[in-house]
Structure formats: C-alpha cells, structure tokens
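Novice:
Protein chains: 2
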Amino acid sequence: MATYIFGHTNPDSDSIVGAISLAYLKNQIGEECIATRQGEISPETEFILEKFGMTAPELKTSYAGEKVYLVDFSDLAQAPHDIKEATILGIVDHHKLGDITTDTPLECWIRPIGCSNTVIKEMYDYHKVAIPKDIAGMMMCAILSDTVIFKSPTCTKADTKAVKELAEICGIEDYKALAMEMFIAKSAVEGASARNLNTRDYKAFDMNGTRVGVGQLEMVDISVLESRIPELFADMQLMKEEDGLHTIIILLTDIMKEGSQLLCLSDDASKVESAFGIKLQENQAWLDGVLSRKKQVIPFLQPQF
Amino acid sequence: MATYIFGHTNPDSDSIVGAISLAYLKNQIGEECIATRQGEISPETEFILEKFGMTAPELKTSYAGEKVYLVDFSDLAQAPHDIKEATILGIVDHHKLGDITTDTPLECWIRPIGCSNTVIKEMYDYHKVAIPKDIAGMMMCAILSDTVIFKSPTCTKADTKAVKELAEICGIEDYKALAMEMFIAKSAVEGASARNLNTRDYKAFDMNGTRVGVGQLEMVDISVLESRIPELFADMQLMKEEDGLHTIIILLTDIMKEGSQLLCLSDDASKVESAFGIKLQENQAWLDGVLSRKKQVIPFLQPQF
Chain U
168 MATYIFGHTN
178 PDSDSIVGAI
188 SLAYLKNQIG
198 EECIATRQGE
208 ISPETEFILE
218 KFGMTAPELK
228 TSYAGEKVYL
238 VDFSDLAQAP
248 HDIKEATILG
258 IVDHHKLGDI
268 TTDTPLECWI
278 RPIGCSNTVI
288 KEMYDYHKVA
298 IPKDIAGMMM
308 CAILSDTVIF
318 KSPTCTKADT
328 KAVKELAEIC
338 GIEDYKALAM
348 EMFIAKSAVE
358 GASARNLNTR
368 DYKAFDMNGT
378 RVGVGQLEMV
388 DISVLESRIP
398 ELFADMQLMK
408 EEDGLHTIII
418 LLTDIMKEGS
428 QLLCLSDDAS
438 KVESAFGIKL
448 QENQAWLDGV
458 LSRKKQVIPF
468 LQPQF
Chain H
168 MATYIFGHTN
178 PDSDSIVGAI
188 SLAYLKNQIG
198 EECIATRQGE
208 ISPETEFILE
218 KFGMTAPELK
228 TSYAGEKVYL
238 VDFSDLAQAP
248 HDIKEATILG
258 IVDHHKLGDI
268 TTDTPLECWI
278 RPIGCSNTVI
288 KEMYDYHKVA
298 IPKDIAGMMM
308 CAILSDTVIF
318 KSPTCTKADT
328 KAVKELAEIC
338 GIEDYKALAM
348 EMFIAKSAVE
358 GASARNLNTR
368 DYKAFDMNGT
378 RVGVGQLEMV
388 DISVLESRIP
398 ELFADMQLMK
408 EEDGLHTIII
418 LLTDIMKEGS
428 QLLCLSDDAS
438 KVESAFGIKL
448 QENQAWLDGV
458 LSRKKQVIPF
468 LQPQF
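In the order they appear, the protein sequences are chains U and H.
Just so we're aligned, residue 168 is where the first sequence starts under my numbering, counting upward by one.
Just so we're aligned, residue 168 is where the second sequence starts under my numbering, counting upward by one.
Written out as structure tokens, the structure reads:
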C-alpha cells in the first residue's frame, strides 16, 4: 500500500514542491509514496511546475485509513478533516510546533529555517540520494519563494547554501532573475476574485481556543491592489462569518518596499494593535520590514489570545 | 544566557544521559547549554554515571522565562508545570508526537527508533563533532537500556549501528556483558518502597482527555517481586487517587522471559482487556513478548479512550 505525502490546505509552492520532492526521495529509499495536494495550485506554483515540466500532484482531501507524511505544517487547522483516522509516519516542517499528535512513534524533521524544501534537501544529503535536475529546480524556487529571495528574516545560512547547491544541480546560474520572474507571476492579480486574492496563501490558526485567520499576498508592487481594498475587506467579512473567526488579517506584502500593509477585521482589534504596537486606521496599518507571517506576525499575535 | 536541556519527569537513563550528551554537543557548536533533570536518578542511571565517572545533572523543576531543549518526550504531562512560559528551542525524541505546542519555529529531531541517544548520535555525526569517551559510553548504555539489549521491538538498525560505533569510541568490546551488569543494577529491589518501584519508570498520559498512568519495571527476573505484588497494588490505588487517574498500569517486565506481567487498576478494566485482547485475573495478566511500553502498550491503550 502506498503512503501519501502532502502539504497544508490551500497549498503554497513549498507544500506542493515539498510533496513532490519528498515523495521522490522516499521512493528512492524503498518507501512507496505518492505526492498529493489538499487544494488548488497557486499562480506561483503553476509557474514553477511549468518551468520544470512537471505536473501537479493529484488532489486528495480525505485520508482516513491511509499512511501519510505531512510537509510544511503541524497544525490540525491546516490538516485534512479526517487526519485523526490516518497514521502519520512523519512531519517535515519549518514552523512552530502545532497541535497535531500521533498514537505511534514517527519521524519529524523540523528546523527553524526558511523553507521545508531546505529540510528536504538535508534529507536527500542524509540518505545520499541524488536530486534529479527538475526536482532540484523546483526545490530551489520553493526556497527562493519562502525566503523572499533571501530577504525574509526567516532566511538562514542553510537556505542560501541549499539554493546554491540546487542551482548547481539544475544548472541555473542566475537564480535571482528566475526568482523575480516567479514573483512577477505570483503578483498577477488581474481577473482574480477578491476571494482568490484573500486565500492564495491563507492559513487558519487555533490560538488557545480562538480561531484566527491570516492570509498573505506577496507582490512585487502592492500599489496595483489599492483600488481593490474595499472589495478585499468585503470578502474578509464573509470569510470571517463563514469560518467563525475572531480575527481575520490579510497582509499585502511588498517585497521591493520590504514591508506589509495589514488589513484586519476583528471582534477585538485592540489585540491586533497591541500585538504589533500599532494604531489601526480604517482597519489598516503599514508594518515596515514585515515580510514573514511565521516569524514577524504569528509569534506576536498568538500571545494575545 | 544559558539554555537548559532536560528529559521527562521521573527521568530514565535516556533522559539523563540525553540531557548530558545533547548539552555537550550544543556547547561544542557554540550554544551555551546546561543539562538538568526534572526528578530523581534511578539505580540504573546511577550505575551508568558511576561507571563513566560522571555526575548527575542539577535538579531543576521550574523553567518559566528560560530557553529549553526537551529530550525524550513531547507530552505536556511529562513536562515541567511552567513549560508554557518557557521558549522551546527544540525537541529530540523517539516517541509518538505529544501535545506540546510552541509559539515559534523550533528544531525537532524525532525518529521512530529505539532511543533518543541514537538520535543524538545522529546529531553528533551531522555536526561532525567528536564524542568524548565517557559520554559515548553513557550513550551506549542508554541505547542498550531502551532497546533491552536489542530485544525490544522498538530496536532498529540505527540503534544497533549506534551502539557498535559508540562501543568503539569508548573502547568497551563486550558491551552486552556491561548491559547485563546494568540490568542487574536496575533489578535491585531490596529495601525499595512500593512507591519507588511503581514510579521508577512511570509516565502519565492524557489519552483524549482521560488521564492514564503506565509504569514499567524492567528486571532480569520478576519472580523476586512476587511476594510484593499486594503491596504494589495498594500503592497503585493511592497513586490512582492522588493523581486522578482513570487507569493505572504497572508492567513488571522480565527481560529474560521476554514478556510482562501487567498489574492494573481501572475505572473500566474492560478497556484494558480489549486493548490487549486479554482477560484480567485478580487485576493481572501475562503479556507474552511485550517488552516495550511505547510500541506494544500505549498504541493499543490510546484508542480505547
């Protein structure tokens, strides 16, 4: 029986590429594994898959009775609805430790670094398995995406080292140019619905019993979204109601200006204000230097609940 | 400011040795760390410390405001009372994933293998740090203890390989003879109170909201305990009341006969009976082949709650 490997709901490039790269590694070391995904492919991931001639993993949202590896998350809120009926063989991640628990011993490769694919690169090295060119290229892109081309405070030496080694394997010298192309693909908003924009990289968190949603839209220039902000707020209100959220935050992250416009609807906005030491104006604030949801947003928000 | 490294409450040899061996490694790679312990040293651990001329880590039970690494556990029930006020930098473990969560990214080295010290051996290799002779000897003993000299079903190739490499480093050829000496030291029960016996290797688990305690006493010959069983039950009754347990189990594990005598007091003993497919007689049953609490007891017990 095969084992499934997948990332979080609403997958980003790290989740999709991580499922593919980890499944390849596991198959090479004799564990039959299939990469899957819990949700739709983002424009950025589409760009990466196309660039390296790969197809998206199969969509699969139910895993009862299956054996699984999780990539890029350890929170129940980002897991399939029936994860408790699955056997979790392992977790590869680079986030805070979430509320997923298991009944049996497992394999966890979790590191406080920029990207799950950097951890997977380490696993390839550990198992002495060669990385195919196309997979190396995708892993490189996933790391460049998660670290915002090394600008994010989450970026570590391990990430830059992995990118350099992967660039050599896939034979792409000017990986920063490729990354800019990728971020431009990611920034495409024309024709996208407000819901699509709000949920492109959206995660729900259980913060000590309170449900908080935080989405992030990384753009090379967020000013193109200015006229659409009322529309984004209207949809955030719907998302808040549909999902029973106490607080919903959308971060419009400008990777060139290196900061984020925070949009927020909350049952108690003072919690958000004291988390970041800001005063909201029309439910908004500019967070200078904030590029990382994981390192610069969640750790400040969580203690408020 | 230093960081503390410690194992679970009521520490076994893996917890004590793991704190020492991980602290040494971390200090070598430039992270100032201090090994500590949450509880008393067992006779087995005393034997190991004495054999290699080491002293026990300092006793410390409160960690609010401190940075910590956890060794050999990820369950809140086995953590210091104020763990939520500490910053967990990492977890090194070989058990099922427990209910500890963090607010910030961390380092987890968790493997489905026989011993945390085997994982730590892997970390030394990863960081290319040489293991001092005395620490290598203690790590070897911890692995031989946790794997019951390779007899436990939890034992993997990684564990036997680590023992062989550590034996070479510490220069002890006949490590099985040393392990038998260690188990004989561990089997010393003369003069020990019932509470001491019940809690030598005792862990409390939160099983879907129900509190269950499982202790294990590994002996080279459990028949020496026969006359003390009524006394053990009387103390189990007290422990059950003191700690608000639904179920308390003590396993008297005979490492030569390769099985365990299960002693049990429960608000619903049928759960224990169906977990193991047994019929209790006078609250007891012989579990043939059962040596591992982690692999042969907890995974069967947990789904009953």
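Yeah, the Cβ is synthetic: ideal placement off N, Cα and C, and Gly gets one too.
Computed from a predicted model, the values in this text were never measured in an experiment.
Counting only the same chain and skipping the five closest in sequence on each side, list residues whose C-beta sits under 7 Å from that of Ala-190(U).
Specialist: For the purposes of this step, residue 190(U) is taken as residue 23 along the first sequence, with counting starting at 1. Ile-172, Cys-200, Ile-201, Ala-202.
Novice: Taking Lys-462(H) as the reference, give the member of Glu-449(H), Ala-309(H), His-262(H) with the closest Cα.
Specialist: Along the second sequence, read from residue 1 onward, the residue named residue 462(H) stands at position 295. Checking every option, the nearest Cα to that of Lys-462(H) belongs to His-262(H).
Novice: Cα separation between Gln-195(H) and Val-296(H)?
Specialist: Your numbering for residue 195(H) matches position 28 in the second sequence. Your numbering for residue 296(H) matches position 129 in the second sequence. Roughly 7 Å between the two C-alpha positions.
Novice: When you compare each of Leu-458(H), Val-259(H), Met-403(H) to Gln-428(H) by their alpha carbons, which one comes out closest?
Specialist: Locating residue 428(H) in the second sequence gives position 261, counting from the first residue. Answer by Cα proximity: Leu-458(H).
Novice: Quick check on Gln-404(H): does DSSP put it in helix, strand or coil?
Specialist: Numbered from its first residue, the second sequence carries residue 404(H) at position 237. Helix, per DSSP.
Novice: Output the distance between the C-alpha atoms of Val-259(H) and Ile-287(H), rounded to the nearest integer angstrom.
Specialist: Here residue 259(H) refers to the residue found at position 92 of the second sequence. Here residue 287(H) refers to the residue found at position 120 of the second sequence. The straight-line gap from Cα to Cα measures roughly 7 Å.
Novice: Counting only C-beta atoms, is Thr-254(H) closer than 8 Å to chain U at any point?
Specialist: Position 87 of the second sequence, counted from the first residue, corresponds to residue 254(H). Chain U, which has no Cβ nearer than 8 Å to the Cβ of Thr-254(H), makes this no.
Novice: Are Ser-182(U) and Val-238(U) close, meaning C-beta to C-beta below 8 Å?
Specialist: For this step, residue 182(U) is matched to residue 15 along the first sequence. For this step, residue 238(U) is matched to residue 71 along the first sequence. Cβ atoms of Ser-182(U) and Val-238(U): closer than 8 Å.
Novice: May I ask you to list, following chain order, the residues of the stretch 270–287 of chain H that have a beta carbon less than 7 Å from some beta carbon of chain U?
Specialist: Listed by position, the residues of the stretch 270–287 of chain H near chain U (Cβ gap below 7 Å) are Asp-270, Thr-271, Pro-272, Leu-273, Glu-274, Cys-275, Ile-277, Arg-278, Pro-279.
Novice: So which residues of chain U does Gly-265(H) contact, with C-beta pairs closer than 7 Å?
Specialist: The sequence position of residue 265(H) within the second sequence is 98, counting from 1. Residues of chain U passing the Cβ test: Thr-268.
Novice: Suppose contacts are defined by Cβ-Cβ distances below 8 Å. Is Ile-422(U) in contact with Leu-399(U) by that definition?
Specialist: The count along the first sequence starts at 1 and reaches residue 422(U) at position 255. The count along the first sequence starts at 1 and reaches residue 399(U) at position 232. Not a contact, by the Cβ cut-off of 8 Å.
Novice: Output the distance between the C-alpha atoms of Ser-390(H) and Ser-441(H), rounded to the nearest integer angstrom.
Specialist: The residue given as residue 390(H) occupies position 223 in the second sequence. The residue given as residue 441(H) occupies position 274 in the second sequence. Taking the straight line joining both Cα atoms gives about 26 Å.
Novice: Indicate whether at least one CB of chain H lies closer than 8 Å to the CB of His-294(U).
Specialist: The residue labelled residue 294(U) in the question sits at position 127 within the first sequence. Chain H, which has no Cβ nearer than 8 Å to the Cβ of His-294(U), makes this no.
Novice: Just the Cα atoms here: how many angstroms apart are Glu-357(U) and Asn-375(U)?
Specialist: Counting from one through the first sequence, the residue named residue 357(U) turns up at place 190. Counting from one through the first sequence, the residue named residue 375(U) turns up at place 208. Distance between the alpha carbons of Glu-357(U) and Asn-375(U) is about 37 Å.
Novice: Under 8 Å by Cβ, that's how I've got Gly-380(U) and Ile-336(U) pegged, so tell me the actual separation to the nearest angstrom.
Specialist: Translated into positions along the first sequence, residue 380(U) becomes position 213. Translated into positions along the first sequence, residue 336(U) becomes position 169. Contact flag wrong, Cβ pair sits at about 37 Å.
Novice: Determine the direct distance from the alpha carbon of Glu-385(H) to that of Asp-341(H), and round the result to whole angstroms.
Specialist: One-based indexing of the second sequence puts residue 341(H) at position 174. One-based indexing of the second sequence puts residue 385(H) at position 218. So the alpha carbons of these two residues sit roughly 21 Å apart.
Novice: Keeping to the same chain, check which residues put their C-beta closer than 8 Å to that of Asn-450(H); ignore five residues upstream and five downstream.
Specialist: Within the second sequence, numbered from 1, the residue matching residue 450(H) stands at position 283. Correct list, in chain order: Phe-400, Leu-430, Cys-431, Leu-432, Ala-436.
Novice: So Leu-419(H) is in the beta strand (DSSP E); what residue range does that whole segment cover?
Specialist: Mapped onto the second sequence, residue 419(H) falls at position 252. Leu-419(H) -> beta strand (DSSP E) spans 414–421.
Novice: What residues in the stretch 449–468 of chain H have a beta carbon less than 8 Å from any beta carbon of chain U?
Specialist: Answer in chain order: Lys-461, Lys-462, Ile-465, Pro-466.
Novice: Quick check: the Cα distance between Ile-267(H) and Leu-273(H), rounded to an integer number of angstroms?
Specialist: Within the second sequence, residue 267(H) is the residue found at index 100, counting from 1. Within the second sequence, residue 273(H) is the residue found at index 106, counting from 1. Those two C-alpha atoms are separated by around 12 Å.
Novice: Gln-195(H) bridges to which residues according to DSSP?
Specialist: The sequence position of residue 195(H) within the second sequence is 28, counting from 1. Beta-bridge pairing links Gln-195(H) to no other residue.
Novice: Can you give me the Cβ contacts of Thr-377(U) inside the same chain, cut-off strictly under 7 Å, excluding the 5 residues immediately before and after it?
Specialist: Taking the first sequence and counting its residues from 1, one reaches residue 377(U) at position 210. Only His-413, Phe-472 meet the Cβ criterion.
Novice: To the nearest angstrom, how far is the alpha carbon of Lys-424(H) from that of Leu-256(U)?
Specialist: Position 257 of the second sequence, counted from the start, is the residue given in the question as residue 424(H). Position 89 of the first sequence, counted from the start, is the residue given in the question as residue 256(U). Approximately 31 Å, taken between the alpha carbons.
Novice: Measure the alpha-carbon distance for Tyr-291(H) versus Met-168(H) and round it to whole angstroms.
Specialist: Here residue 291(H) refers to the residue found at position 124 when the second sequence is read from its first residue. Here residue 168(H) refers to the residue found at position 1 when the second sequence is read from its first residue. Answer to the nearest angstrom: the Cα atoms are 23 Å apart.
Novice: State buried or exposed for Thr-222(H), treating a residue as buried only when at least 16 other CB atoms are found within 10 Å of its CB.
Specialist: By one-based count along the second sequence, residue 222(H) stands at place 55. Exposed, by the Cβ-count rule.
Novice: Could you tell me the boundaries of the beta strand (DSSP E) in which Ile-201(U) lies?
Specialist: Walking along the first sequence from the start, residue 201(U) turns up at place 34. 200–204 is the extent of the beta strand (DSSP E) around Ile-201(U).
Novice: Going by beta-carbon coordinates alone, are His-248(H) and Lys-370(H) separated by less than 8 Å?
Specialist: As a working note, residue 248(H) is residue 81 in the second sequence. As a working note, residue 370(H) is residue 203 in the second sequence. Not closer than 8 Å, so no.
Novice: Which same chain residues end up closer than 8 Å to Gly-382(U) when comparing Cβ atoms and leaving out the 5 residues on each side of it in sequence?
Specialist: Position 215 of the first sequence, counted from the first residue, corresponds to residue 382(U). Closer than 8 Å at the Cβ level, and outside the excluded window around Gly-382(U), lie Asn-365, Thr-366, Arg-367, Asp-368, Tyr-369, Lys-370, Ile-415, Ile-416, Ile-417, Leu-418.
Novice: Excluding the five sequence neighbours on either side, which residues of its own chain have a C-beta within less than 6 Å of the C-beta of Pro-320(U), listed in chain order?
Specialist: Counted from its first residue, the first sequence places residue 320(U) at position 153. Once the five neighbours on either side are set aside, the close Cβ partners of Pro-320(U) are Ser-459, Lys-462.
Novice: Which term fits Thr-228(U), buried or exposed, when burial requires 16 or more other beta carbons within 10 angstroms of its beta carbon?
Specialist: In the first sequence, residue 228(U) corresponds to position 61, counting from 1. Exposed, because fewer than 16 other Cβ atoms sit within 10 Å of the Cβ of Thr-228(U).
Novice: Let me make sure I understand the geometry here. Which of Thr-269(H), Met-307(H), His-294(H) has the alpha-carbon closest to that of Ser-283(H)?
Specialist: The residue you call residue 283(H) lines up with position 116 of the second sequence. The candidate whose alpha carbon is nearest that of Ser-283(H) is Met-307(H).
Novice: How about Ile-339(U) and Val-387(U): are their beta carbons less than 8 Å apart?
Specialist: Counting from one through the first sequence, the residue named residue 339(U) turns up at place 172. Counting from one through the first sequence, the residue named residue 387(U) turns up at place 220. Result no, Cβ atoms of Ile-339(U) and Val-387(U) do not sit closer than 8 Å.
Novice: Using DSSP with H/G/I as helix, E/B as strand and the rest coil, what is Val-315(U)?
Specialist: Taking the first sequence and counting its residues from 1, one reaches residue 315(U) at position 148. Looking at Val-315(U) - three-state DSSP - the assignment turns out to be coil, as it is neither helix nor strand.
Novice: Distance cutoff 8 Å, beta carbons only. Does Pro-320(U) sit that close to anything in chain H?
Specialist: For the purposes of this step, residue 320(U) is identified with residue 153 of the first sequence, where counting begins at 1. No, no contact with chain H.
Novice: Per the DSSP calculation, Ala-473(U) is bridged to which residue(s)?
Specialist: Absent from the model: residue 473(U). The displayed extent of chain U is 168 to 472, so no value can be given.
Novice: Are any of the Cβ atoms in chain U nearer than 8 Å to that of His-262(H)?
Specialist: The count along the second sequence starts at 1 and reaches residue 262(H) at position 95. By this cut-off, His-262(H) is an interface position.
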